Each structure stands twice: as C-alpha cells, then as structure tokens.
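Working notes for the structure below.
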Amino acid sequence: AGKRVALANKETLVMAGPLVTELARQRGASIVPVDSEHSAVFQAMQAGRRQEVRRVVLTASGGPFRCHTPEQLAEVTVAEALAHPTWEMGPKITVDSATMMNKALEIVEARWLFDLCVDQIEVVIHPQSVVHSFVEFVDGSVVAQLSPPDMKLPIQFALTWPERREGVARRIDWSQAWRLEFEPADFERFPALALGTEVARVGGTAGAVMNAANEAAVAAFLAGELRFVDIVPACRSVLEAHHFEAHPTLEQLFALDVWAREEVARWACA
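Going by our numbering, 997 is the number at position 191 of the sequence shown; the sequence numbering is gapless.
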C-alpha cells in the first residue's frame, strides 16, 4: 500500500486502464509514467488543479513518413520503417511510431492515467521531439515540458519524484539558434490516430484487442507477411469482429489478447 509505481510501458493501461487505476486508488499507490509524453503531462499538471485542465496535447514526431503520399506509404519497406528521425528505439515501437499507432496507444494511456475525457486529448506533430507534451488550463495558460529526445530524464524523474536531482540527461543548449515546429496531425494519412481515439472513447475490451492485434500485425510486417499500410486495417478489422465487454475481468482481457493475435494471423494469411 502507498507505493510509487514507475510505469515504464503503455500497454498496461491500454489493456486494463480502469482495473489498474482503480487498484492503485484502493491501495493508495501513485502511478508515475516513464513514457516521455506522459511524464511531460504529469509534470505540467503540477502547475494547476486537475479540474482546471482544459486539454492535454500529446506531441508526436510524425515518424519518417509524415510527408509521404498514400502511394509512397503503400511501398514502405521494413528498413524504411525502422529508420526513425529522432529517437533510437526497438523495432516494434519504431514501427508503431511510423504508423502513429504509438500515439494511438498513448491517447488511450492518457485517458486512463489522467482521468480525462477523450475530447480533452489532442495530438500535434512536432518533428524536433523537444516539447514532449503540454497542458492547457482553463485560463488559457499552456505549460509544457522541454528536453532533448533522451529517455534518461523521464526515467530519472519517475524514480526520484517528488524530488528532482542532478542527472546525466542531455541539456538544451540555449546559446544555439534553433526552431520548434508544430503541425496538425493528419488523421487520414495515419488512421491509427482515429482508431486510438475511438478505443479511448469506448474503453472496455477495446484497448486489449487493439494492443494485441497491433503487436501481432507489426510482427507480421517485420516478418514480411503483411504490408505496412495493412497494419492498422488489420487492427480495425479484428477490433470490429470482437465481442465487446464494457466491464471485463482480467481473465477476459487475457483471453482476448490471445484471440486477437490469432485473428491477425488469419487476417494476414487471407
């Protein structure tokens, strides 16, 4: 009871957000996110009270294909999808960044972690990955967290919160000229964003199914069994085929995780 949990993966809350947050509430535990975007939101929210938050804006680099045409996206190779412009990550999360499914998962994570309405969560493209997210309060003030794209800082913050200590994370060099860019997110080019928004809105079993389907679809893409542009449609197809439960048990979520992976395998072979 009363423990601080540094949550280093988003899948836990995507799959079982209500179960996890309710258990944390019952046990008096604090969940401190390690994910850079949610760490930024967590920090920015300290500037006001929860009821004073108007909206949370999650930033996304846009990945390597933010300017690609539909025709170009249809020809994306595994090697191209694994070449992220700003972050060094493992293959699965790098592909998720390229499809924007990573941001879709983060929408769901933010919904449960911060107890937000889906309409309070927005996504903007920020290619430099320096502003990790920001919070707008009801008075119009916007509070953001900035740092170079380096996971050392959010990891350290989660481990030392509520204190701040000297660390090894890179610093911003304010003596150099630089530019921060922000662009609207393109929901047509990246349908994962719409899917994530829908899943966050309905809750229930949807998050577990989307997450498992995506993991299986990305694995199939990396194995050369599925095209890049088919990853999100595979997830949507499996999501729409599943029997939705609004208040699932953990056992039901585990069973749906297995089912969704099997469905993607069948979808890829069809």
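Ideal Cβ positions, reconstructed from N, Cα and C, are used throughout, including at glycine. Here the structure is a predicted model, which is why all the values come from computation and not from measurement.
Determine the direct distance from the alpha carbon of residue j to that of residue i, and round the result to whole angstroms.
{"i": "Met-907", "j": "Asp-1036", "result": "12 Å"}
{"i": "Leu-952", "j": "Cys-1075", "result": "44 Å"}
{"i": "Ile-927", "j": "Leu-888", "result": "27 Å"}
{"i": "Leu-1045", "j": "Val-820", "result": "14 Å"}
{"i": "Met-895", "j": "Lys-909", "result": "15 Å"}
{"i": "Ala-814", "j": "Ala-1066", "result": "23 Å"}
{"i": "Glu-877", "j": "Phe-1034", "result": "12 Å"}
{"i": "Gly-1010", "j": "His-1053", "result": "5 Å"}
{"i": "Gly-1030", "j": "Leu-829", "result": "40 Å"}
{"i": "Thr-900", "j": "Val-914", "result": "19 Å"}
{"i": "Val-929", "j": "Trp-1073", "result": "30 Å"}
Where does residue i fall in DSSP's three states?
{"i": "Glu-942", "result": "strand"}
{"i": "Leu-1032", "result": "coil"}
{"i": "Val-948", "result": "strand"}
{"i": "Pro-1054", "result": "coil"}
{"i": "Arg-970", "result": "coil"}
{"i": "Ile-837", "result": "strand"}
{"i": "Thr-1011", "result": "coil"}
{"i": "Pro-997", "result": "coil"}
{"i": "Glu-1021", "result": "helix"}
{"i": "Pro-876", "result": "helix"}
Assuming residue i contacts residue j under a Cβ cut-off of 8 Å, what Cβ separation, rounded to an integer in Å, is found between them?
{"i": "Ala-835", "j": "Val-811", "result": "6 Å"}
{"i": "Val-1005", "j": "Ala-998", "result": "Actually they do not touch by this definition, with Cβ atoms about 10 Å apart."}
{"i": "Pro-1022", "j": "Ala-1071", "result": "For clarity, residue 1022 is Ala in the given sequence; the question names Pro instead. Correct: roughly 7 Å between the Cβ atoms."}
{"i": "Leu-879", "j": "Val-936", "result": "Their Cβ separation, rounded to whole angstroms, is 26 Å, which puts Leu-879 and Val-936 out of contact at 8 Å."}
{"i": "Val-838", "j": "Trp-967", "result": "5 Å"}
Which word fits residue i, buried or exposed, when buried means at least 16 other C-beta atoms lie within 10 angstroms of its C-beta?
{"i": "Glu-989", "result": "exposed"}
{"i": "Leu-1056", "result": "exposed"}
Please determine if the region 943-960 and the region 1017-1032 are in contact, where contact requires at least 3 C-beta pairs separated by less than 8 Å. no
Cβ contact (3+ pairs, closer than 8 Å) linking the region 1041-1052 and the region 911-926: By the Cβ test, the region 1041-1052 is not in contact with the region 911-926, since fewer than three Cβ pairs between them sit closer than 8 Å.
If contact is defined by three or more beta carbon pairs under 8 Å, each pair taking one atom from either stretch, is the region 952-969 in contact with the region 826-842? yes
Across the region 958-970 and the region 865-875, are there enough close Cβ pairs to call them in contact, namely three or more that are closer than 8 Å? no
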